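Quick note, the sequence shown lines up with residues -22 to -1, 1 to 433 if you use mature numbering (1 follows the signal peptide of the UniProt record, and there is no 0).
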Amino acid sequence: MHIRECLIVLAIVATGVQKCNAIPSDIYMKMFAAQPPTDPCYDDDRARRCVPDFVNAAFGTPMTASSTCGQRGPSRYCELSEPLSPVSSNSATPSGTTTTCQICDDTNPKRRFPPTALTDLNNPNNLTCWRSESLPATPPGQLDNVTLTLSLGKKYELTYISIQFCPRSVKPDSMAFYKSSDYGKTWQPFQFYSSQCRKVYGRPNRATITKVNEQEARCTDAHRHSGDSVGNQGARIAFSILEGRPSASDYESSPVLQDWATATDVRVIFNRIQMPQDNVDEFLLIGPQQVSKFRDDVHGANAIESISASTSTATSIATHHYAVSDFAVGGRCKCNGHASKCLPIARDGQLACDCKHNTMGRDCERCKPFYYDRPWGRATQRDANECKECNCNGHSRRCRFNMELFKLSGRTSGGVCINCRHATTGRHCHYCKEGFYRDPTKPLNHRKVCKPCDC
């Protein structure tokens, strides 16, 4: 019988055949009063592993770009509206394509393509784009090195990095993801993409990852086979951080992969525009006369007035720019299993873990002072590795950890008290100093448990 039915029956029994008394409207609210929110880091009073929510760590975070269209004055860019096909012998523009050229100008809100467009709300019906400058000046054999950098401001454990390109833009042939775990001081390769992995990055294509090299970046040409060269619908390249790593299924027990997935900053470097597979070199070998003519065509005064391309060379090279509509980084704020959320600690939005289990630090990476009775450890499903308070019987507030004693105790206690007070001594301040004796009438944690000898 439901609660409402029970209440009606009780009302009828209490009043006989008389009319039921009206049930207060707030009775259900009182019966089902909101319970106080539970702490995900504890099961009753028992510590358990907890993690912050999975988020797009890039959302709303400013990015920096080494090149942005229109920042150095109005310039022209061109978009392709048909898939690339091989180049005809007498044209520098891919045959079978149509192009639309427009002006970008960083001082005009309607014609600017800033890096902020990369991490704003990704609305498919109203895409915003970042565009690089056109790339006419890269000498043959050298790479473009157009860079986008995202500073997360906090350690995250990443799951994926995803880039969506603007519609009708040319995808890169060669690009690389890098990560930093020390706030941009040093950088480590994360993933390479290229049709010529060995030639461009000095790495084999689609190399097998074993437990010996789980923390090494791979190179792949898979993106070349994921659709047209032109991102008509906004092509995407996504890198799964743990895919293909043998220890991924036992991630919580793999410090190597935990370190591999940890990042404070993410960087993508675009090295080469994607061209037809059989004509890469032909596209790259643009002579100095064509480059000079392109500069005149694209950056000259007439280019601002004319939206259509004036020459096939100018159109071809103006098409050679990178355009990205969305940059996403999926992951969790890194708290080592000791916090369920991260909180802002500064006006600039920097985050720190809301640490539990007697841990502290921006990443809950160490035990709080005086909680050194066991070594710090990352929380797991089996053991929350809660930091334990040293047992000094109330005679000291300082202690240190001793691994040898911890092992001798069966891995239960390794704390050693420092600077015992109240005339006590010993690892737990549980003895009386020389010249003092224990008062049997007082508990061990009493301030006057040790009395001076009366000799």
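Beta carbons: idealized from backbone N, C-alpha and C, even for Gly.
For clarity, every value in this text was computed on a predicted model and none was experimentally measured.
- Query: Helix, strand or coil for Tyr415 per DSSP?
  - Reply: Working through the sequence shown from its first residue, we reach residue 415 at position 437. Tyr415: strand per DSSP, three-state reduction.
- Message: If I measure Cβ to Cβ from Asp160 and keep anything under 8 angstroms in the same chain, skipping five residues before and after, which residues do I get?
- Response: Numbered from 1 along the sequence shown, position 182 holds the residue referred to as residue 160. Taken in chain order, the residues that qualify are Thr242.
- Task: Report the option in Cys28, Ser45, Cys311 whose CA atom is closest to the CA atom of Glu135.
- Result: Working through the sequence shown from its first residue, we reach residue 135 at position 157. Ranking the options by Cα distance to Glu135, first place goes to Cys311.
- Message: For the alpha helix (DSSP H) containing Gln142, name the first residue and the last one.
- Response: Sequence index remark: in the sequence shown, residue 142 carries index 164 (1-based). Element bounds for Gln142: not the alpha helix (DSSP H) but the beta strand (DSSP E), 124 to 143.
- Message: Are the CB atoms of Gly315 and Arg356 within a distance shorter than 8 angstroms?
- Response: Working through the sequence shown from its first residue, we reach residue 356 at position 378. Working through the sequence shown from its first residue, we reach residue 315 at position 337. Going by beta carbons, Arg356 and Gly315 fall inside the 8 angstroms limit.
- Task: Could you have a look at Thr106 and say whether DSSP puts it in helix, strand or coil?
- Result: In the sequence shown, residue 106 corresponds to position 128, counting from 1. The answer is coil: DSSP assigns Thr106 none of H, G, I, E or B.
- Query: Quick one, are the C-beta atoms of Ser303 and Gln142 less than 8 angstroms apart?
  - Reply: Position 325 of the sequence shown, counted from the first residue, corresponds to residue 303. Position 164 of the sequence shown, counted from the first residue, corresponds to residue 142. In contact: Ser303 and Gln142 (Cβ atoms closer than 8 angstroms).
- Item | Presumed contact (8 angstroms Cβ cut-off) between Leu329 and Cys320, rounded CB distance | Walking along the sequence shown from the start, residue 329 turns up at place 351. Walking along the sequence shown from the start, residue 320 turns up at place 342. 4 angstroms between Cβ atoms; contact.
- Does the region 77 to 87 come within contact of the region 35 to 55, defined as at least 3 CB pairs closer than 8 angstroms? For the pair of segments examined, the region 77 to 87 was found to touch the region 35 to 55: the number of CB pairs separated by less than 8 angstroms reaches three.
- Query: Three-state secondary structure (DSSP) at Cys433?
  - Reply: Here residue 433 corresponds to residue number 455 of the sequence shown, with the count starting at 1. Residue state, collapsed to three classes: coil.
- Query: Since Thr77 contacts Cys107 with CB under 8 angstroms, what's their CB separation in whole angstroms?
  - Reply: By one-based count along the sequence shown, residue 77 stands at place 99. By one-based count along the sequence shown, residue 107 stands at place 129. Contact flag wrong, Cβ pair sits at about 17 angstroms.
- Message: Checking 8 angstroms against the spacing of the C-beta atoms, do Cys377 and Cys365 come in under that value?
- Response: Along the sequence shown, read from residue 1 onward, the residue named residue 377 stands at position 399. Along the sequence shown, read from residue 1 onward, the residue named residue 365 stands at position 387. For Cys377 and Cys365, no; Cβs fall outside 8 angstroms.
- Item | Buried versus exposed, by CB contacts within 10 Å (16 or more), Ile323 | Here residue 323 is taken as the residue at index 345 of the sequence shown, counted from 1. Label assigned to Ile323: exposed.
- Throw me the rounded Cβ distance for the Ser140 and Ala306 pair, which I believe falls under 8 angstroms. Here the question's residue 140 lines up with position 162 in the sequence shown. Here the question's residue 306 lines up with position 328 in the sequence shown. So it is a contact: roughly 4 angstroms between Cβ atoms.
- Query: Taking DSSP as the reference, what is the three-state secondary structure of Lys177?
  - Reply: Against the sequence shown, residue 177 aligns to sequence position 199. DSSP places Lys177 in helix when its eight states are reduced to three.
- Query: Among the residues of its own chain, which have a CB less than 7 angstroms from the CB of Arg375, if the five just before and after it don't count?
  - Reply: Position 397 of the sequence shown, counted from the start, is the residue given in the question as residue 375. Within the same chain, Arg375 has close Cβ partners Phe348.
- Message: Can you look up Leu422 in the DSSP assignment and give me helix, strand or coil?
- Response: Numbered from 1 along the sequence shown, position 444 holds the residue referred to as residue 422. Leu422: coil per DSSP, three-state reduction.
- Please determine, among Arg184, Asp237, Ser152, the residue with the shortest C-alpha to C-alpha distance to Ile247. To locate residue 247, count along the sequence shown from 1; it is residue 269. Measuring from the Cα of Ile247, the nearest candidate turns out to be Ser152.
- Just mark Leu58 as buried or exposed, buried being the case when its beta carbon has 16 or more other beta carbons within 10 Å. Counting from 1 along the sequence shown, the entry for residue 58 is found at position 80. Buried, because 16 or more other Cβ atoms sit within 10 Å of the Cβ of Leu58.
- Which parts of the region 314 to 364 are runs of the alpha helix (DSSP H), unbroken and 4 residues or longer, counting only runs that do not cross its ends? Annotation: the region 314 to 364 contains no complete segment of the alpha helix (DSSP H) (minimum length 4 residues).
- Message: Helix, strand or coil for Asp228? Go by DSSP, reduced to three states.
- Response: The sequence position of residue 228 within the sequence shown is 250, counting from 1. Note: Asp228 maps to helix in three-state DSSP.
- Item | Buried/exposed call for Pro421, threshold 16 Cβ in 10 Å | For the purposes of this step, residue 421 is taken as residue 443 along the sequence shown, with counting starting at 1. Exposed: under 16 other Cβ atoms inside 10 Å.
- Query: Since Lys157 is in the alpha helix (DSSP H), which residue starts that stretch and which ends it?
  - Reply: Counted from its first residue, the sequence shown places residue 157 at position 179. Looking at the DSSP string, Lys157 is not in any alpha helix (DSSP H); the run it does join, the beta strand (DSSP E), is 150 to 158.
- Task: Would you mind stating whether Gln171 and Thr137 have Cβ atoms separated by less than 8 angstroms?
- Result: The residue you call residue 171 lines up with position 193 of the sequence shown. The residue you call residue 137 lines up with position 159 of the sequence shown. Here residue 171 is Tyr; the residue named in the question, Gln, does not match the sequence. Not a contact, by the Cβ cut-off of 8 angstroms.
- Query: Would DSSP call Gln49 helix, strand or coil?
  - Reply: Taking the first residue of the sequence shown as 1, we reach residue 49 at position 71. Collapsing the DSSP output to three states places Gln49 in coil.
- Task: Please name the residue or residues paired with Glu57 in a DSSP beta bridge.
- Result: In the sequence shown, counting from the first residue as 1, residue 57 sits at position 79. BP columns for Glu57 point to Thr78.
- Do Asn249 and Ala185 have their C-beta atoms within less than 8 angstroms of each other? Numbered from 1 along the sequence shown, position 271 holds the residue referred to as residue 249. Numbered from 1 along the sequence shown, position 207 holds the residue referred to as residue 185. No, Cβ-Cβ distance for Asn249 and Ala185 is not below 8 angstroms.
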